[in-house]
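Chemist: Reminder that position 84 of the sequence shown reads as 84 in our numbering, one-by-one numbering, no gaps.
The following block contains the structure, expressed as structure tokens.
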Amino acid sequence: MAASTVSRVINNRPGIKQETRQKVQMLLKKYNYIPDAAARGLVMQSSRLVGILIVDIRVAHHIDSAFVIEQELTKRGYCCITMSTGPKDEKKAEYIRILEQRRVEGVILMGSMFETEAVKESIQSHLPRIPIVMVNGYLDLPNVSGVIVDEDAGVEKCVDLLYSKGKSRLAFVLDSPSPANSRKQQGYCTGMRKHGTGEDGLWLYEMEESSVQGGYDITMRILREHPDVQGIIYTIDLVAVGGVRAACDQKISVPDRLALIGIDNSIYGEICMPKLTTLDNRLQDLSESAASILREGLEGKVQSKVLMMFSEIIEREST
């Protein structure tokens, strides 16, 4: 049987009798034939690879988003490689270079931690012509798009919610430095000032460890330093769960005495007691939109530059 005949069957091309096609398919199945994607890529000048970069692959929120994006792109015949860069800018820039070596055709940057000058310069040097989408962030480059959630406005609404419940002495906990978290903090400050709070009434805290225990420890510190605190907003649910535990251990009634709000609308907020009020930053929609924009670029279509999505407060028992 001619190699060209087998090739036509493998690539589902016309010009083959149905009897011959079925015979070839039976032989392929019998011998467990698997097409060599790398070899096909050399012939077609296409790798069909998409790189997904995450600062820390242990962060559940980011890996959940990466999963949604990978599933969407796999449906379109792309293969995704996910890499964890670590927090240092030079390593993020190095991974951009590695993706160039892997001949990826598109890139997803997971999170605002990639909003750095080092990453921008590395993209300009190594991947200036392939489509890149940043989830919850943006870099001003011709080939980069961003999908952003209005978490600053969302946190401001969280402040409004607590004020509507008679709680005006509020603290804010930043779990880690990032552009997105800075925007959340700005939302808290804007909301507090809107309600007449002076600079001395902005109780801002930054953690050393982003974890349940870290949330517990920082909440205990807030309770020591501001025993009259009436509400705390945390940048992620995971940390807020530690705050719920600290309030429980101190026999502080939630939400009557102390209201607590997280951000992410993650599973952690649903399984803690009391259930956690959270700012939903639209993970599923955010991820699907990022995949869709990247797919447009991969198919040579005009990409959206910046897509803004709107967050929503999911009120549960902690407020």
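Idealized CB from N, CA, C, for every residue including glycine.
Is it right to say residue 114 is buried, meaning 16 or more other beta carbons lie within 10 angstroms of its own, or is it exposed?
Modeler: Locating residue 114 in the sequence shown gives position 114, counting from the first residue. Classification for residue 114: buried.
Chemist: Rounded to whole angstroms, what's the CA-CA distance from residue 95 to residue 311? Just pull it up for me.
Modeler: Position 95 of the sequence shown, counted from the first residue, corresponds to residue 95. Position 311 of the sequence shown, counted from the first residue, corresponds to residue 311. If I take the Cα positions, the gap works out to 31 Å.
Chemist: Excluding the 5 residues flanking residue 22 on each side, which residues of the same chain have their C-beta closer than 6 Å to its C-beta?
Modeler: In the sequence shown, counting from the first residue as 1, residue 22 sits at position 22. Result list for residue 22: empty, nothing under 6 Å.
Chemist: With 16 other CB atoms within 10 Å as the buried threshold, where does residue 204 fall?
Modeler: Within the sequence shown, the letter at position 204 stands for residue 204. The residue in question, residue 204, is exposed, as its Cβ has fewer than 16 Cβ neighbours within 10 Å.
Chemist: Please tell me whether residue 48 and residue 86 are closer than 8 Å, where the distance is taken between their beta carbons.
Modeler: Within the sequence shown, the letter at position 48 stands for residue 48. Within the sequence shown, the letter at position 86 stands for residue 86. No, they are not a contact pair.
Chemist: Identify whether residue 220 lies in helix, strand or coil by the three-state DSSP scheme.
Modeler: Here residue 220 refers to the residue found at position 220 when the sequence shown is read from its first residue. Helix.
Chemist: Where does residue 146 land, buried or exposed, given buried means 16+ other C-beta within 10 angstroms?
Modeler: Position 146 of the sequence shown, counted from the start, is the residue given in the question as residue 146. It counts as buried.
Chemist: Have a look at residue 317 and residue 276 and give me their C-alpha separation to the nearest angstrom.
Modeler: As a first step, residue 317 must be located in the sequence shown, where it is residue number 317. As a first step, residue 276 must be located in the sequence shown, where it is residue number 276. Distance between the alpha carbons of residue 317 and residue 276 is about 6 Å.
Chemist: Is there contact between the stretch 110-130 and the stretch 262-279, where contact requires at least three CB pairs shorter than 8 Å?
Modeler: No: fewer than three Cβ pairs fall under 8 Å.
Chemist: For residue 196, does the count of other Cβ atoms within 10 angstroms reach 16, so buried, or fall short, so exposed?
Modeler: Position 196 of the sequence shown, counted from the first residue, corresponds to residue 196. So residue 196 ends up on the exposed side.
Chemist: Which ranges does the beta strand (DSSP E) cover as unbroken runs of at least 3 residues, wholly within the stretch 190-241, from first to last along the chain?
Modeler: List check, beta strand (DSSP E) in window: 203-206 and 231-234.
Chemist: What did DSSP end up calling residue 51 once you bin it into helix, strand or coil?
Modeler: Here residue 51 refers to the residue found at position 51 when the sequence shown is read from its first residue. It is a strand residue.
Chemist: What separation, rounded to the nearest whole angstrom, lies between the Cα atoms of residue 245 and residue 230?
Modeler: Position 245 of the sequence shown, counting from 1, holds the residue named residue 245. Position 230 of the sequence shown, counting from 1, holds the residue named residue 230. Their Cα atoms are separated by approximately 16 Å.
Chemist: Can you tell me where the alpha helix (DSSP H) holding residue 164 begins and where it ends?
Modeler: Indexing the sequence shown from 1 puts residue 164 at position 164. Unbroken alpha helix (DSSP H) run through residue 164: 151-164.
Chemist: So the alpha helix (DSSP H) residue 174 belongs to, where does it begin and stop?
Modeler: Taking the first residue of the sequence shown as position 1, residue 174 is located at position 174. Looking at the DSSP string, residue 174 is not in any alpha helix (DSSP H); the run it does join, the beta strand (DSSP E), is 170-174.
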